[in-house]
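S.K.: Read in order, the letters of the sequence shown are residues 133 to 597 in this note's numbering.
Each residue gets a CB set at the ideal place from its N, CA and C atoms; glycine is no exception.
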Amino acid sequence: MSAVSPDALIASTAPEAADATPVHFVGPDAALDGAARDWAARLGFKGKPGEVLVVPAGSGGGVDRVLVGTGKTFDPMSARALSARLPEGLYRLEAEEADAGAATLAFLLGRYVFDRYKPGKGRSGVRLVAPQGFDVAEALNIAAACALAREMVDTPPADMGPLQMETIAREIAGAHGAAITVTTGEALLEENYPAVHAVGRAAAPHRAPRVIEIGWNLDRIDRPLIALVGKGVAFDSGGLDIKSAAGMRNMKKDMGGAAHALALGRLVMQAGLDIRLVVLVAAVENAISADAFRPGDVLNSRKGLTIEIGNTDAEGRLILADVLTRAGEHAPDLTLDYATLTGAARVALGPELPPLYTDDEALAADLLAAAHAVRDPLWRMPLWPGYRAAIDSDIADVRNDSAGWAQGGSITAALFLQKFAPATGAWAHLDVFAWNSRGRPGWPEGGEAQGLRAAYAMLKARYPG
Ligand code: BES
Ligand code: MN
Ligand code: ZN
């Protein structure tokens, strides 16, 4: 799935690179020279974000250069829109080295189109010459990781069930010589994943719940072990506590956490980072049947903690409880989990700023610094101990919904996960939305990778290959 076509980017040393049209990023106060200035005045180009001005070369019909408006400050991420905004052709970006590099990666991210059911949709003939010294292979891998996560999210639930997640995981493991184990259906009970089984058992047999575990370099015990964990709810109907029509409409994206964990895992393996890696995905469908788990049930968990079900729609934390416990059995040095866990995260920070939870100060600092550097934002939220009492249960060790007084639903969900997080090493949880709600050039409405490039940059800085 989702190969990023590498021909959109050519090396600066390629012969045709000499014929590329320059792209200048221009703000409202830029001093333009002669022909460009007159042309800009004639066509009302002001250097605002989203404006594009093609400056002709003489009268022969050729193009001298293209001006792209930036507004007051140039954000290289705006280059995500270039595929859609520029006329077909080969270009080179005129910007400082760091900005040109960031903009080139942004251009690649902006080329993603979900055309599985409409082949050829939105195909673009815009190509770029990579800046000098730019690591083309790495950028293509990063863009491909983001595209994989987005494509998995965009794929309808009928075509992206637990089995399809398993198939993608097997492809990734196979391509990198990693081991993979998949525990499915009734075997989840024998192998002690009771919460994953309970949440997923209402699904049709061909969509049976499963735990997918990839292990890479596990014999290299001199290296630190990193665990990546993902929520893979192929479709979240809410279960017996059924969602409203509007609330259910986009719940194909509820496997976004699994998509992020798998895509980041692949990127780490491609880069050959100096770590051991475990990727753990709980893949289920939160369906409704006579055998569905119920509000009022008490589930067991792999850790042995009993969980009272207050709401079957708080299913993500249940399946994550078991796979976080499993991650802990590897005694990881670092565990990152991705999950489309709560609607409350979006209420708190909006859809474009994922909450980051961790009690490890060094990890928070490194992740936030990386997020800033690669323009893949995260915002730290507190694992506030004062709200722990909101997930107490009278009849079990913990409950899966939280008492109304605490509000802060993204926080109380994170506090629930914290009870199951590995005892060794640091743990961080990203409550991602995994979706662009407003479509605009370069950011089509649909699946989005969030906190993936940030985590990769953090891992690469800590454990260079
Ligand atoms: N998958 C949803 C969370 C979600 C909803 C993410 C909308 C993004 C957009 C999750 O399983 C869920 O339903 N959470 C409930 C929890 C509640 C029942 C305690 C929620 O957030 O409303
Ligand atoms: Mn739910
Ligand atoms: Zn869910």
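Output the distance between the C-alpha atoms of residue 278 and residue 264, rounded to the nearest integer angstrom.
M.R.: Approximately 24 Å, taken between the alpha carbons.
S.K.: Please give me, in chain order, every unbroken run of the alpha helix (DSSP H) with length at least 4 that falls completely inside the stretch 368-445.
M.R.: 377-380, 388-403, all fully within the stretch 368-445.
S.K.: Measuring only the C-alpha atoms, how far is residue 534 from residue 526?
M.R.: The alpha-carbon atoms of residue 534 and residue 526 are separated by roughly 13 Å.
S.K.: Could you compute how far the alpha carbon of residue 290 sits from the alpha carbon of residue 172?
M.R.: Going from the Cα of residue 290 to the Cα of residue 172 covers about 50 Å.
S.K.: Rounded to whole angstroms, how far is the Cβ of residue 562 from the Cβ of residue 400, which I believe are closer than 8 Å?
M.R.: Residue 562 to residue 400, Cβ: 16 Å. No contact.
S.K.: Using CA coordinates, which residue listed in 318, 529, 204 is at the minimum distance from residue 436?
M.R.: Cα-wise, what sits closest to residue 436 is 529.
S.K.: Given 7 Å as the limit, tell me if residue 417 has its C-beta closer than that to any heavy atom belonging to ligand 2.
M.R.: For ligand 2, not one heavy atom lies less than 7 Å from the Cβ of residue 417.
S.K.: What are the boundary residues of the beta strand (DSSP E) that includes residue 556?
M.R.: Careful: residue 556 lies outside any beta strand (DSSP E) and carries neither H nor E.
S.K.: Tell me the rounded alpha-carbon separation between residue 613 and residue 518.
M.R.: The requested residue 613 does not occur in the structure, where the chain is confined to residues 133 to 597.
S.K.: Among 504, 581, 585, 229, which residue has its Cα nearest to the Cα of residue 244?
M.R.: Answer by Cα proximity: 581.
S.K.: If you run the structure through DSSP and keep just helix, strand and coil, what is residue 293?
M.R.: Residue 293: coil per DSSP, three-state reduction.
S.K.: Exposed or buried, what is residue 566 when buried is set at 16 or more other beta-carbons lying within 10 Å of its beta-carbon?
M.R.: Residue 566 is buried by the Cβ-count criterion.
S.K.: Compute the beta-carbon to beta-carbon distance between residue 218 and residue 198, rounded to the nearest angstrom, for a pair I have assumed lies under 8 Å.
M.R.: With 8 Å as the limit, residue 218 and residue 198 qualify as a contact, their Cβ atoms being about 6 Å apart.
S.K.: Pick from 477, 464, 301: whose alpha carbon is nearest that of residue 555?
M.R.: When only C-alpha atoms are compared, the closest one is 464.
S.K.: Tell me, to the nearest whole angstrom, how far the beta carbon of residue 157 is from that of residue 200; I am working on the premise that it is less than 8 Å.
M.R.: So it is a contact: roughly 5 Å between Cβ atoms.
S.K.: Return the chain-ordered list of same chain residues with a C-beta closer than 6 Å to the C-beta of residue 168, the five sequence neighbours on each side being excluded.
M.R.: If we look at residue 168 and ignore the five residues flanking it on each side, its Cβ neighbours are 187.
S.K.: Please confirm whether any heavy atom of ligand 2 lies closer than 7 Å to the CB of residue 193.
M.R.: Not so, every heavy atom of ligand 2 lies at least 7 Å from the Cβ.
S.K.: For residue 211, I'd like the list of residues in its chain whose CB is within less than 6 Å of its CB, leaving aside the five on either flank, ordered along the chain.
M.R.: Correct list, in chain order: 235, 238, 239.
S.K.: Just tell me which of 560, 233, 584, 427 has its CA closest to the CA of residue 494.
M.R.: Of the candidates 560, 233, 584, 427, the one whose C-alpha sits nearest the C-alpha of residue 494 is 560.
S.K.: So for residue 299, helix, strand or coil by DSSP?
M.R.: Helix, per DSSP.
S.K.: Output the boundary residues of the alpha helix (DSSP H) element that contains residue 588.
M.R.: Where residue 588 is concerned, the enclosing alpha helix (DSSP H) stretches over 584-594.
S.K.: Measuring alpha carbon to alpha carbon, tell me which of 286, 292, 226 ends up nearest residue 261.
M.R.: With distances taken between Cα atoms, residue 261 lies closest to 226.
S.K.: Look up residue 359 in the DSSP assignment and say whether it is helix, strand or coil.
M.R.: Reduced to three states, the DSSP call for residue 359 is strand.
S.K.: Going by C-alpha distance, which of 331, 147, 512, 415 is nearest residue 443?
M.R.: Out of 331, 147, 512, 415, 331 has the C-alpha closest to the C-alpha of residue 443.
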